[in-house]
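Trainee: Numbers given in our numbering equal positions in the sequence shown, counted from 1, plus 8. Each residue gets a CB set at the ideal place from its N, CA and C atoms; glycine is no exception.
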Amino acid sequence: MLHRGQESTDGSGDGELTVPMAWLYAEYIADELLRSGDLMPPTSFEFRAGRDALALTVFLSDTDGELSGIRVVTQLETWLSLTAYDQPWQEWVEERLADPAADAAAPGPDLELAREAWRWLRETELLAPDLNAVPGGGSVAGEDEGPKVWTPAWQLGLPLGHLAMHLF
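(1) Please state whether DSSP places residue 65 in a helix, a strand or coil.
(2) Run through the DSSP bridge pairs and tell me what residue 136 is partnered with.
(3) Whole-angstrom Cβ separation of residue 170 and residue 122, contact assumed at under 8 Å?
(4) For the region 56 to 66 against the region 31 to 43, are there 3 or more C-beta pairs whose distance is under 8 Å?
(5) Assess, as a yes-or-no matter, whether the region 89 to 107 is touched by the region 36 to 55 under the definition of 3 or more beta carbon pairs within less than 8 Å.
(6) What does the alpha-carbon distance come out to for the pair residue 106 and residue 124?
(7) With the cut-off set at 8 Å, would you say residue 120 and residue 161 are in Cβ contact?
(8) Out of 54, 158, 61, which has the shortest C-alpha to C-alpha gap to residue 90?
(9) Flag this pair as yes or no: are the beta carbons of residue 165 and residue 45 separated by less than 8 Å?
(10) Within its chain, find whatever has a CB closer than 6 Å to the CB of residue 178; leave out the 5 residues flanking it on each side and keep chain order.
(11) Measure the alpha-carbon distance for residue 172 versus residue 26 and round it to whole angstroms.
(12) Return the first residue and the last residue of the alpha helix (DSSP H) that residue 117 is part of.
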């Protein structure tokens, strides 16, 4: 399929559509990690938030442009530290996506898909249990009975992805 202005996957510039292999592979890794944890139904928005947060972590931490199946297990510690509760993950993502060097490392559709995932994670809010509220000073009988709060998707997806990596 020809598409003017795009290079092929091999960078030959012969006018073919570029396939965003780095982003698709990062998404695949994230999807597999979440599915193996069996924490959410794969059709839920929470699952998508977790997959996108993990895919961004995988994609943006690959500074050498060498995502490979063999390195996935060795990268788990890095991804766990990046997604830990006390880390400034949101700022790290924004810095990496704004870095002009990122354009050179992952030009074209890969970076655009990563930016689109970040846009969705930032702008989409999901209704979630309010973990900071203590209803009536006691515990809640069921998870659907407690107070809810609208939360940016990345704030739900990040801990979900982190937990899935621990369960892997």
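Mentor: Inspection of the coordinates gives the following:
(1) In the sequence shown, counting from the first residue as 1, residue 65 sits at position 57. Correct three-state label for residue 65: helix.
(2) Translated into the one-based positions of the sequence shown, residue 136 becomes position 128. Residue 136 pairs with 157.
(3) Counted from its first residue, the sequence shown places residue 170 at position 162. Counted from its first residue, the sequence shown places residue 122 at position 114. Actually they are not in contact, since the Cβ atoms of residue 170 and residue 122 sit about 19 Å apart, beyond 8 Å.
(4) yes
(5) no
(6) Reading the sequence shown from its first residue, position 98 is the one you call residue 106. Reading the sequence shown from its first residue, position 116 is the one you call residue 124. Going from the Cα of residue 106 to the Cα of residue 124 covers about 13 Å.
(7) Sequence index remark: in the sequence shown, residue 120 carries index 112 (1-based). Sequence index remark: in the sequence shown, residue 161 carries index 153 (1-based). Not a contact, by the Cβ cut-off of 8 Å.
(8) Here residue 90 refers to the residue found at position 82 of the sequence shown. That would be 61, whose Cα lies nearest to the Cα of residue 90.
(9) The residue you call residue 165 lines up with position 157 of the sequence shown. The residue you call residue 45 lines up with position 37 of the sequence shown. Taking 8 Å as the Cβ cut-off, residue 165 and residue 45 do not qualify as a contacting pair.
(10) Limits of the chain in this structure are 9 at one end and 176 at the other, which puts residue 178 out of reach.
(11) Within the sequence shown, residue 172 is the residue found at index 164, counting from 1. Within the sequence shown, residue 26 is the residue found at index 18, counting from 1. Taking the straight line from one Cα to the other gives about 31 Å.
(12) Mapped onto the sequence shown, residue 117 falls at position 109. Per DSSP, residue 117 belongs to the alpha helix (DSSP H) from 117 to 131.
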